[in-house]
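Take the sequence shown: its letters are residues 51 to 239, numbered as in our numbering.
Beneath this line is the structure, given in structure tokens, with notes to follow.
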Amino acid sequence: MELTLTHEEKTTKKTYRHFTITAANGTATGEKKKTDFFYIGHKTGSIDNLIRAFETGYAAETTENAKFILKRLTQKDNSVPGVFIMDATISSHEIEELYNTISKLMDCRTIPFIIDMANASPANLARLKKLEFVDEILSLESYDPNALFSKINFLSKIKKNRIKNKKQSGSRDFRFKNIWYKVYCQESI
51 MELTLTHEEK TTKKTYRHFT ITAANGTATG EKKKTDFFYI GHKTGSIDNL
101 IRAFETGYAA ETTENAKFIL KRLTQKDNSV PGVFIMDATI SSHEIEELYN
151 TISKLMDCRT IPFIIDMANA SPANLARLKK LEFVDEILSL ESYDPNALFS
201 KINFLSKIKK NRIKNKKQSG SRDFRFKNIW YKVYCQESI
């Protein structure tokens with residue numbers, strides 16, 4: 051007696067379902083961030099773009115107004131903006147003077163300094179590129195809010211890592227420079 055089994059092919063229709071899981075405490079990429087901006091200049095398009103990218107911020111038309119606002123901020127709230135953005139039409143001398151005032155009021159080594167280059171002359175941009183403390187020169191109106199905040203976040207991380215690396219290797223660098231200096235001076239005498 052032979053037993054034969056036949057398989058009946060069953061075709062089941064596959065169904066796909068779409069699930070969306072949201073994090074309870076996470077922030078979405080489109081949300082505004084909690085960093086403050088400080089804009090010095092009078093381009094309304096740039097200011098509008100910053101308002102869309104950040105929850106809060108400050109704007110001053112002149113460097114003198116900016117100094118006054120910053121002094122009040124540091125005295126009253128002891129709050130520090132997350133980014134400084136200056137209009138490229140401001141002279142490089144005024145921007146340097148403002149940076150010196152800011153560095154006296156607060157530790158600004160981790161705060162990005164950005165120049166808004168919209169409507170700037172090539173000669174003025176060339177002078178601004180020589181400023182050591184300027185992290186980026188860009189056109190604010192061409193950045194969408196998320197890309198702008200990502201750029202600022204990236205610059206801030208770079209500056210923080212640079213400080214961290216200097217702290218870790220600071221004593222060794224100083225010692226090696228002194229050794230090099232002593233060897234060089236002894237050979238030249």
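Built from N, CA and C at the ideal position, the CB exists for glycine as well.
Residue pairing from DSSP leaves A173 without any beta-bridge partner. When beta bridges are read from the DSSP output, I161 appears opposite no residue.
Cβ-Cβ separation between I165 and I187: approximately 4 Å, consistent with a contact (criterion under 8 Å).
A straight-line Cα-Cα distance of about 23 Å links I90 and K207.
Approximately 7 Å separates the beta-carbon atoms of L190 and A168; this is inside 8 Å, confirming the contact. Between the alpha carbons of F118 and E146 lies a gap of roughly 16 Å. Under DSSP, the beta-bridge partners assigned to T106 are D86. With a 10 Å radius around the Cβ and a threshold of 16 neighbouring Cβ atoms, S96 comes out buried. DSSP, reduced to helix, strand and coil, places L181 outside both helices and strands of the structure shown, so it counts as coil.
Check the Cα spacing between D137 and each of S171, F199 and M156: the tightest is with S171. DSSP places E144 inside the alpha helix (DSSP H), whose first and last residues are S142 to L155. Bridge partners of M136 according to DSSP: I90 and I165.
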